[in-house]
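S.K.:
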Amino acid sequence: MNRLLATVVGVVLATTCLSKTALARDYIQISGSSTVLPYAKIVAETFGEIFTNYRTPVIESGGSGAGIKEFCRGISENTIDIANASRPMKNTELKACFDAGVTEVEEIRIGYDGIVFASDIHGPNLDLTPVDVYKALAAQIVVDGKLVANKYKKWSEIDPKLPDWEINAYIPGEKHGTREVFEEKLMTEGCKQSGAAESMKTLSMDDKAVTAACISIRKDGKAIDIDGDYSETLARVMSNKTGIGVFGLAFYENNADKLRLATVNGVTPNVDTISSGKYLVSRPLFFYVKKAHLGVIPGMKDYVEFFLSDQMIGPDGPLADYGLIPAPDSEREAQRAAFDSGTVMSIDK
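In terms of mature numbering (1 follows the signal peptide of the UniProt record, and there is no 0), the sequence shown is residues -24 to -1, 1 to 325.
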């Protein structure tokens, strides 16, 4: 019995040591949201300059969903330490983490961003509404009480105040967190405001089917999914002077010499309208920390604390200069306190 006990203890100790050894990578690996990417790069580069005893973190893009999926693969040197995201992690994703042994996940909110529409700088002023966007881009719309394929070809057919342009919209691909905010704040809201959602219910469609129909994007070339980052969307708009692209506010601000910003419901997106909630299409930005890697990956804890410092995410920091909408003072303090205390996520019931 003693020999068996000693064997079991030895296996446990060996496994523990192995897990520590397996995580002996000497740099932080990060992936995820293309929206958060430039902010994370600024922090990583500054971190590397100040904390010279650590290697500069390696950061890749690819979208919120892809980053979270990689993050949730498990605990090892072959998995990333941090996932950037432009939307909250879903319950299903957190469960996938738990199932793979990533049972302690810390959620960090860094600030806010706005999703904006923009066209070529020489184009007309645009004022869009969720109804306009829904009618222009939905795969099917309700006509005379029936759900039919979307036949709108020009923006002016939807509303005469809009330009007489062919509908050509470049929107975030399905793997991007921006796409989910686009679907929720514009497609779903436009579907409701137009009365289409209520009409669909009279067609014996359940709530799930109505939601799916509201966010389903047409595939006839009028709406183009962009799976790359905003630079690809910019290139599309530059090559099609009547095209309309969806961007993050920060990207627009860094390309304001090329793009004309659209308003939504008459509101211009900027720091004040987004932080106050007046601008409809805004969202919080996050990154997720694999707690099991803290204290094992060199510099990881210091990196997170540095990211959360007012030196980085405060109103006078470089991220705000680049376009991040800083969270209120109390929220930034709460984020730091939550990380200090090791608060982890649980699956919502």
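Beta carbons are placed, not taken as given, at the ideal position from N, Cα and C, and that holds for glycine. Model, not experiment: these values are computed from the prediction.
Classify threonine 28 as helix, strand or coil using the three-state DSSP reduction.
M.R.: In the sequence shown, the residue the question calls residue 28 occupies position 52. Coil at threonine 28, not helix or strand.
S.K.: Taking 7 Å as the limit between beta carbons, can you name the residues of its chain near tyrosine 128, skipping five residues before and five after?
M.R.: Position 152 of the sequence shown, counted from the start, is the residue given in the question as residue 128. Result list for tyrosine 128: Lys111, Ala112, Ile134 and Ile143, in chain order.
S.K.: With distances taken from CA atoms, which of Arg63, Gln287 and Lys198 is nearest phenylalanine 158?
M.R.: Counting from one through the sequence shown, the residue named residue 158 turns up at place 182. Looking at the Cα atoms, Arg63 is the closest of the given residues.
S.K.: Express the C-alpha separation of proline 100 and tryptophan 141 in angstroms, rounding to a whole number.
M.R.: Residue numbering aside, residue 141 sits at position 165 when the sequence shown is read from its first letter. Residue numbering aside, residue 100 sits at position 124 when the sequence shown is read from its first letter. Looking at the two C-alpha atoms, the distance is approximately 10 Å.
S.K.: Short of 8 Å in beta carbon distance, which residues of its chain neighbour leucine 237, apart from the five on each side in sequence? Order them along the chain.
M.R.: The residue labelled residue 237 in the question sits at position 261 within the sequence shown. The residues are Val92, Phe93, Ala94, Tyr228, Thr244 and Pro245.
S.K.: Would you identify the three-state DSSP class for cysteine -8, choosing helix, strand or coil?
M.R.: Sequence index remark: in the sequence shown, residue -8 carries index 17 (1-based). Interpretation of cysteine -8 is limited by its pLDDT of 38, a score under 50 that renders its predicted location unreliable; the figure taken from the coordinates is listed afterwards. DSSP places cysteine -8 in helix when its eight states are reduced to three.
S.K.: Just checking my contact of alanine 59 with serine 7 at CB under 8 Å: how many whole Å lie between their CB atoms?
M.R.: Within the sequence shown, residue 59 is the residue found at index 83, counting from 1. Within the sequence shown, residue 7 is the residue found at index 31, counting from 1. The pair is a contact, with the Cβ atoms about 6 Å apart (cut-off 8 Å).
S.K.: Helix or strand or just coil, what does DSSP make of tyrosine 88?
M.R.: Taking the first residue of the sequence shown as 1, we reach residue 88 at position 112. Of the three classes helix, strand and coil, the one that applies to tyrosine 88 here is strand, per DSSP.
S.K.: CA-CA distance, serine 285 and serine 40?
M.R.: On the sequence shown, residue 285 is found 309 positions in, with the first residue counted as 1. On the sequence shown, residue 40 is found 64 positions in, with the first residue counted as 1. Looking at the two C-alpha atoms, the distance is approximately 23 Å.
S.K.: Hey, how far is the Cα of methionine 276 from the Cα of phenylalanine 27?
M.R.: Along the sequence shown, read from residue 1 onward, the residue named residue 276 stands at position 300. Along the sequence shown, read from residue 1 onward, the residue named residue 27 stands at position 51. So the two alpha carbons sit approximately 11 Å from each other.
S.K.: Could you give the uninterrupted runs of the alpha helix (DSSP H) lying entirely in the stretch 68 to 115, keeping only those of 4 residues or more?
M.R.: Runs found: 106 to 113.
S.K.: Compare the beta carbon distance of valine 12 and phenylalanine 262 with 9 Å and say whether it is the shorter of the two.
M.R.: In the sequence shown, counting from the first residue as 1, residue 12 sits at position 36. In the sequence shown, counting from the first residue as 1, residue 262 sits at position 286. Taking 9 Å as the Cβ cut-off, valine 12 and phenylalanine 262 qualify as a contacting pair.
S.K.: Could you work out which residue in Thr178, Thr218, Glu150 and Leu179 is closest to isoleucine 191 when comparing CA atoms only?
M.R.: Position 215 of the sequence shown, counted from the start, is the residue given in the question as residue 191. Looking at the Cα atoms, Glu150 is the closest of the given residues.
S.K.: Using 8 Å for Cβ pairs, my map puts isoleucine 44 next to methionine 65. What's the rounded Cβ distance?
M.R.: What you label residue 44 is simply residue 68 of the sequence shown in a count that begins at 1. What you label residue 65 is simply residue 89 of the sequence shown in a count that begins at 1. Yes, they are in contact, since the Cβ atoms of isoleucine 44 and methionine 65 sit about 6 Å apart, within 8 Å.
S.K.: If we count the other Cβ atoms within 10 Å of its Cβ and call it buried at 16 or more, is glycine 87 buried or exposed?
M.R.: On the sequence shown, residue 87 is found 111 positions in, with the first residue counted as 1. Buried is the call here.
S.K.: Could you tell me the boundaries of the alpha helix (DSSP H) in which glycine 153 lies?
M.R.: In the sequence shown, counting from the first residue as 1, residue 153 sits at position 177. Counting along the chain, the alpha helix (DSSP H) containing glycine 153 begins and ends at 153 to 158.
S.K.: With respect to the alpha helix (DSSP H) encompassing glycine 39, which residues constitute its N-terminal and C-terminal limits?
M.R.: Position 63 of the sequence shown, counted from the start, is the residue given in the question as residue 39. Neither: glycine 39 is in no alpha helix (DSSP H) and is coded neither H nor E.
S.K.: Can you tell me the Cα-Cα spacing of aspartate 103 and glycine 242, whole angstroms?
M.R.: For the purposes of this step, residue 103 is taken as residue 127 along the sequence shown, with counting starting at 1. For the purposes of this step, residue 242 is taken as residue 266 along the sequence shown, with counting starting at 1. Each residue's alpha carbon lies about 6 Å from the other.
S.K.: Starting from valine 186, trace the alpha helix (DSSP H) both ways and give me its first and last residue.
M.R.: Position 210 of the sequence shown holds residue 186. 183 to 191 is the span of the alpha helix (DSSP H), which, as asked, contains valine 186.
S.K.: Going along the chain, which unbroken runs of the alpha helix (DSSP H) with 4 or more residues stay wholly within the stretch 231 to 311?
M.R.: The qualifying runs are 247 to 251, 276 to 284, 286 to 289 and 294 to 298.
S.K.: To which residues of the same chain is glycine 293 closer than 7 Å at the C-beta, ignoring the five residues directly before and after it?
M.R.: Residue numbering aside, residue 293 sits at position 317 when the sequence shown is read from its first letter. The residues are Asp286 and Gln287.
S.K.: Considering only residues of the same chain and omitting the five flanking positions on each side of alanine 20, which have a CB-CB separation below 7 Å?
M.R.: Taking the first residue of the sequence shown as position 1, residue 20 is located at position 44. Same-chain partners within the cutoff: Thr32, Pro33 and Ile35.
S.K.: Just to confirm my understanding: we take tryptophan 131, look at its own chain, exclude 5 residues before and 5 after, and list those with CB closer than 7 Å. What are they?
M.R.: Sequence index remark: in the sequence shown, residue 131 carries index 155 (1-based). Around tryptophan 131: Ala112, Leu138, Pro139, Trp141 and Ile143.
S.K.: Alpha carbon to alpha carbon, what distance is there between aspartate 120 and isoleucine 147?
M.R.: Counted from its first residue, the sequence shown places residue 147 at position 171. Counted from its first residue, the sequence shown places residue 120 at position 144. Taking the straight line from one Cα to the other gives about 29 Å.
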